[in-house]
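**Q** Take this structure first; my questions come after.
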Amino acid sequence: MEVKQMCLYDEICKKMSNLPGINFAVMINNRGRKISECKSRSIPLETDEKKLEMLFMETTLDMSMRKEFDNSFGKISAIVSFRENTTMITIPHQEDLMLLSVEPGFDHNKIVQTAYGYLTTRLQEKSLIEIPQVA
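Okay, structure coming up:
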């Protein structure tokens with residue numbers, strides 16, 4: 043992955059994590075590895091990094107398996123999982139995924155639309171800007 047896109051993902055995750063109700067925003071690559079992460083809670087829901095790695099890999103595998111039905115049902119725009127302590131939102135973007143942890147009760151549709159807005163406009167705006175390479 044290019045450094046330019048990683049910096050953009052960092053910026054997008056930061057913007058998403060600053061929204062009310064967002065616990066964390068993570069970008070995951072197609073192998074289930076974390077690309078970028080921003081946490082907004084002072085006390086994270088999960089502190090075990092190995093468990094978080096497993097969550098990211100499971101999320102990627104789940105999305106990959108669901109793609110089998112894209113021809114029949116259409117492409118996935120987002121997956122929303124309602125849990126007792128959080129709402130998990132997975133949003134595909136190109137070959138990567140955005141994973142959001144949201145406090146229960148927040149409008150998941152609005153959050154998905156906001157994420158899509160950041161993903162599409164920020165990447166289009168910045169695609170022509172070159173980020174200098176650090177030696």
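Everything in the sequence shown is counted per our numbering, starting at 43 for the first residue and increasing by one. No residue lacks a Cβ here, since even glycine has one placed at the ideal position from N, Cα and C. Bear in mind the structure is a predicted one, so any value in this text is a computation, not a measurement.
I need the DSSP call for N71, collapsed to helix, strand or coil.
**A** In the sequence shown, the residue the question calls residue 71 occupies position 29. N71: coil per DSSP, three-state reduction.
**Q** So which of S78, G63, S123 has the shortest CA-CA distance to C55?
**A** Here residue 55 refers to the residue found at position 13 when the sequence shown is read from its first residue. Ranking S78, G63, S123 by Cα distance to C55 puts S78 first.
**Q** Give the range of the alpha helix (DSSP H) segment to which I153 is assigned.
**A** Here residue 153 refers to the residue found at position 111 when the sequence shown is read from its first residue. Segment 150-159, the alpha helix (DSSP H) holding I153.
**Q** Rounded to the nearest angstrom, how far is the Cβ of M140 from that of A157, given a contact under 8 Å?
**A** Translated into positions along the sequence shown, residue 140 becomes position 98. Translated into positions along the sequence shown, residue 157 becomes position 115. Indeed, because the Cβ distance is near 6 Å, the residues count as touching under 8 Å.
**Q** Exposed or buried, which one is D90 when buried takes at least 16 other CB atoms within 10 Å?
**A** Working through the sequence shown from its first residue, we reach residue 90 at position 48. D90 is exposed by the Cβ-count criterion.
**Q** Tell me whether N60 sits in a helix, a strand or coil according to DSSP, three-state version.
**A** If you number the sequence shown from 1, residue 60 lands on position 18. DSSP places N60 in the coil class of the three-state scheme, outside both helix and strand.
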